[in-house]
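Shown next, in C-alpha cells, is the structure this report addresses.
There are 2 protein chains.
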Amino acid sequence: MSLFSLHGGFTGLAASSRVRLARNLKGYPFRLTPAQHSEIADKVFSALRGNPTIGPEFEKKQIIPRSTEASQLVEEHLISPELARNGGWLIVSRDGGVSIMVGEEDHLRLQVIGTGLCPKECLETANRIAALIEATLPFAYDERLGYLTACPTNVGTGLRASIMLHLPMLTATGGINQLAGYAGSRGCAIRGAYGEGSQAVGGFYQISNQITLGASAAELTDKLVETATAIIDAEKKAREQVRSQNEAALRDRVCRAAGTLRSAYLIDTGEAIQCISDVLVGLQMGLLSGVEPQVLYGLEQRIRPAMLTGAPQERDQKRAALLRETAQSLRFA
Amino acid sequence: MSLFSLHGGFTGLAASSRVRLARNLKGYPFRLTPAQHSEIADKVFSALRGNPTIGPEFEKKQIIPRSTEASQLVEEHLISPELARNGGWLIVSRDGGVSIMVGEEDHLRLQVIGTGLCPKECLETANRIAALIEATLPFAYDERLGYLTACPTNVGTGLRASIMLHLPMLTATGGINQLAGYAGSRGCAIRGAYGEGSQAVGGFYQISNQITLGASAAELTDKLVETATAIIDAEKKAREQVRSQNEAALRDRVCRAAGTLRSAYLIDTGEAIQCISDVLVGLQMGLLSGVEPQVLYGLEQRIRPAMLTGAPQERDQKRAALLRETAQSLRFA
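Protein chains in written order, with UniProt numbering: chain A, 1 to 333; chain B, 1 to 333.
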C-alpha cells in the first residue's frame with residue numbers, strides 16, 4: 001500500500017471520494033504565461049521534494065495539449081479536460097492519490113482521491129499537502145473572504161468535495177429526481193458521472209458541495225457525507241423494493257450481466273458499464289460473489305475509450321479481455 | 001443403449017432423421033370408429049409383443065384428446081397434432097425410437113426416429129417392424145399403385161422421410177431460399193422446423209421427400225440424403241465465409257450465447273433456441289468445446305413450452321435451470 005492510498009468505510013455504494021482545493025500564489029497575477037506555469041510547477045515540486053517522507057513519492061509531468069497521455073490522465077481523473085486542451089503541468093504521487101495541476105484557471109488545483117466513502121480523510125491529506133506548499137509559497141488570502149480564486153464560485157475554502165455514488169435503482173424508479181432536489185436544499189449537487197446531462201450510464205453519479213463560502217472546509221465536507229449517506233440509504237431501500245417485487249427477474253438480470261462480462265469477446269464502453277453496474281448490484285445484494293465491488297469500480301475506469309488504443313473493434317476486444325479476466329471469479333450465490 | 005437407438009454419421013449439422021410409413025389394414029374401411037381404433041391397436045400390439053426380442057420393448061397408450069400428455073407427445077414428435085386433438089392410440093418403444101399411431105388419417109402411422117443423418121437406417125428398421133405386423137395383419141396393397149392410403153399424396157410407398165437440419169448461416173445470408181428451390185427440383189421440400197411458414201427460429205429446418213410414388217422407398221430415401229448433404233455443404237461454406245469476414249464478431253456472438261445459457265435465470269423458448277443455435281455453430285466451428293452437439297439437439301426438445309409445467313415465469317426459470325446445467329461444461333476454445 002503506498003503512502004496516499006485512502007480507503008473509506010465501504011458502504012459499497014460509494015465508489016470513490018475526491019477533494020479539490022483551489023489555491024493561488026501571492027505575488028502572481030491570476031492569468032499566467034507558460035513560463036510562469038513552469039516556474040510555479042518547479043517551486044511546488046521543490047517544496048514537496050524537500051520533505052523527506054513524502055518527497056520521493058512525487059513526480060512532475062508536462063502536459064502536452066491534446067496528447068493521448070493527456071486524454072488518459074483526464075479519464076484517470078488526474079487532470080481536467082481544460083488542462084488537457086491548454087497544456088500545463090501535473091505534480092502527482094506515484095499511486096495517483098495526490099495530484100496538483102498547474103495551469104488550470106487557478107494557479108494550483110490540489111486533488112486527493114480515495115476509494116469508498118472517505119471525503120474527510122481526503123480533506124485531511126489535502127490540508128497537510130497544502131500546508132507544506134504554503135510554508136514556502138504563501139497563498140493569496142483575504143481575512144474576510146478566505147482563499148482568493150479566479151472564479152468567485154470557489155472563493156473562501158476553494159473546496160470541491162465529491163463522492164461517486166452508484167444509484168442504479170433510484171435511476172430506474174426515477175427517485176433520483178426527488179433526491180437531486182433534496183441534495184440541492186443542502187447545498188449539494190448530483191450529476192451523472194458519465195454521459196451528458198442527467199443521463200447517468202449504469203446509474204453512476206457524482207455528488208459534490210456547491211457552496212464554498214460561509215463555513216469551514218470540514219463543515220462543508222461533513223454536510224456532503226451526511227447528504228450522500230441519506231441518498232445511499234434511499235438506494236438501498238429502492239433495491240429491496242425491486243427484490244420484493246420480482247426477485248427472479250432481478251436475479252436473471254444480474255446473472256446475465258455476469259455471463260456477458262465472463263463471455264463477451266467484443267464489448268463497447270456503454271454496455272460494459274451497464275453490465276458492471278448490474279453485477280455490482282448482484283454482489284451488494286448477495287446474488288453474486290467472488291469479486292470485491294472496489295475491483296469493479298476500478299475496472300470501470302480502465303475500460304474507457306482513451307485507456308485502450310487501436311481501432312474501435314480492437315478496443316472492444318481488449319476491453320472484453322480485461323473484463324473476462326476479472327469476471328471469471330464471479331459466482332452465482 | 002436400447003434396442004432402437006439409431007445413430008447416423010454425425011455430420012453435426014443434421015440433428016435427427018425420421019421415417020414414417022402410412023399403412024392401412026385390409027378388410028377395414030378407411031374411416032374407423034373409436035372401437036375399431038381400439039381393436040386395431042390391440043392387434044398391432046399383440047403382433048409386436050409376440051416377438052420375443054422386440055416385444056418387451058413396446059407399450060401401448062391411449063391418447064386422451066387435448067391432454068397435457070398429448071401435448072408433450074407432440075413436442076417429442078411421437079404423435080401428430082391431429083392425434084392429440086382427436087385421440088387414438090400410441091404403441092411406442094421404451095426409447096421412443098419406434099412409434100405407431102392408431103387413429104390418424106391412416107389406420108397405422110409407423111415412425112422411426114434416429115439422431116444425426118440416418119434416414120436409411122430408420123427405413124430399414126421401419127420395414128422390419130412393418131413386416132412383423134403384416135405377418136398377422138395384411139395391409140391394403142394394390143399391384144399397380146402400391147400401398148393404399150387415405151390421402152392420395154401418400155399412395156405408393158406411404159413414405160415420409162425427413163431430416164432436421166441446422167442451417168443458421170444460410171438463413172442469415174438468405175441462401176436458404178435458392179436451396180429450397182433446388183430441393184424442390186429434386187422432389188424434396190424444406191420447411192422451418194419451429195415457427196410459422198418460412199420463419200425458422202434458430203435456423204432449424206426439416207427437409208423431407210414430397211414424392212411417394214414411382215420409385216422405391218429406398219430410392220426416395222437415397223435422394224433425400226443426397227439433397228440434404230448438398231445443403232449441408234452449402235451451410236458449411238456459408239459459415240466459413242462469415243468467419244473470414246469477421247471472425248471476432250462471430251466469436252463474440254457464440255461466446256455470448258454460451259454466456260447466456262450458462263447464466264440466465266429466466267429464459268423464454270425463442271431466446272433459448274437462438275442461443276442453442278449460436279452455441280452449436282461455435283462447437284461445430286471449433287470456437288467452443290465441452291458439450292456434444294447431439295446433447296444440445298436433445299436439450300432443444302426438452303425446453304419447449306408443453307414440456308415444462310407451471311406459470312410462464314416458472315417455466316422460464318425451469319428452462320433456464322436445464323440449460324445452465326448443460327452449459328456449465330462449455331469452454332471457450
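Idealized CB from N, CA, C, for every residue including glycine.
Are any of the Cβ atoms in chain D nearer than 8 Å to that of residue i?
i	result
SER289 (chain B)	Protein chains in the displayed structure are A and B, and chain D is not among them.
Can you confirm whether residue i, when its beta carbon is compared against all beta carbons of chain A, has any partner nearer than 8 Å?
i	result
ALA248 (chain B)	yes
THR269 (chain B)	no
GLY158 (chain B)	no
GLY259 (chain B)	yes
GLU196 (chain B)	The predicted model places GLU196 (chain B) with a pLDDT of 47, which falls under 50 and marks its position as unreliable; any figure quoted below should be read in that light. Output row for GLU196 (chain B): interface = no.
CYS275 (chain B)	no
LEU296 (chain B)	no
ARG256 (chain B)	yes
Helix, strand or coil for residue i per DSSP?
i	result
ILE54 (chain A)	coil
TYR28 (chain A)	coil
CYS188 (chain B)	strand
TYR297 (chain B)	helix
ASN154 (chain B)	helix
THR115 (chain B)	strand
ASP268 (chain A)	coil
ALA258 (chain B)	helix
ASN209 (chain A)	strand
GLU75 (chain A)	helix
LEU108 (chain A)	strand
GLY88 (chain B)	strand
ASP95 (chain B)	coil
ILE303 (chain B)	coil
VAL19 (chain B)	strand
CYS133 (chain B)	Contrary to the premise, residue 133 (chain B) reads as Ile rather than Cys in this sequence. DSSP places ILE133 (chain B) in helix when its eight states are reduced to three.
SER289 (chain A)	strand
Exposed or buried, residue i, counting other C-beta atoms within 10 Å across all chains shown (16 or more means buried)?
i	result
LEU145 (chain A)	exposed
ALA70 (chain B)	buried
VAL225 (chain A)	buried
PRO293 (chain B)	buried
SER289 (chain A)	exposed
GLN245 (chain A)	exposed
CYS151 (chain A)	exposed
ILE163 (chain B)	buried
THR68 (chain B)	exposed
ASP252 (chain B)	buried
ALA238 (chain A)	buried
ARG94 (chain A)	exposed
ASN24 (chain A)	buried
PHE58 (chain B)	buried
ILE64 (chain B)	exposed
GLY197 (chain A)	Note that GLY197 (chain A) has pLDDT 49, beneath the 50 cutoff, so the model's placement of it is unreliable and the number below is only indicative. When all chains shown are included, GLY197 (chain A) counts as exposed.
ASN154 (chain B)	buried
ALA321 (chain A)	exposed
Examine chain B for any beta-carbon lying closer than 8 Å to the beta-carbon of residue i, and answer yes or no.
i	result
ASP142 (chain A)	no
SER244 (chain A)	no
Residue i touches chain B at which residues, Cβ-Cβ below 8 Å?
i	result
SER216 (chain A)	Those within 8 Å of SER216 (chain A) in chain B number zero; the least Cβ separation is about 50 Å.
GLN210 (chain A)	Within chain B, no residue comes near GLN210 (chain A); the closest Cβ sits about 42 Å away, beyond 8 Å.
Name the chain B residues whose beta carbon is nearer than 9 Å to that of residue i?
i	result
ALA14 (chain A)	Within 9 Å Cβ-Cβ: nothing; ALA14 (chain A) doesn't reach chain B, min ~27 Å.
Which residues of chain A have a Cβ atom closer than 7 Å to the Cβ of residue i, listed in chain order?
i	result
LEU266 (chain B)	ALA248, ALA249, ASP252
Residue i touches chain B at which residues, Cβ-Cβ below 7 Å?
i	result
SER263 (chain A)	CYS255, ARG256, ALA258, GLY259
What are the residues in the segment 301-330 of chain B lying within 8 Å of chain A by C-beta distance?
GLN313, GLN317, ALA320
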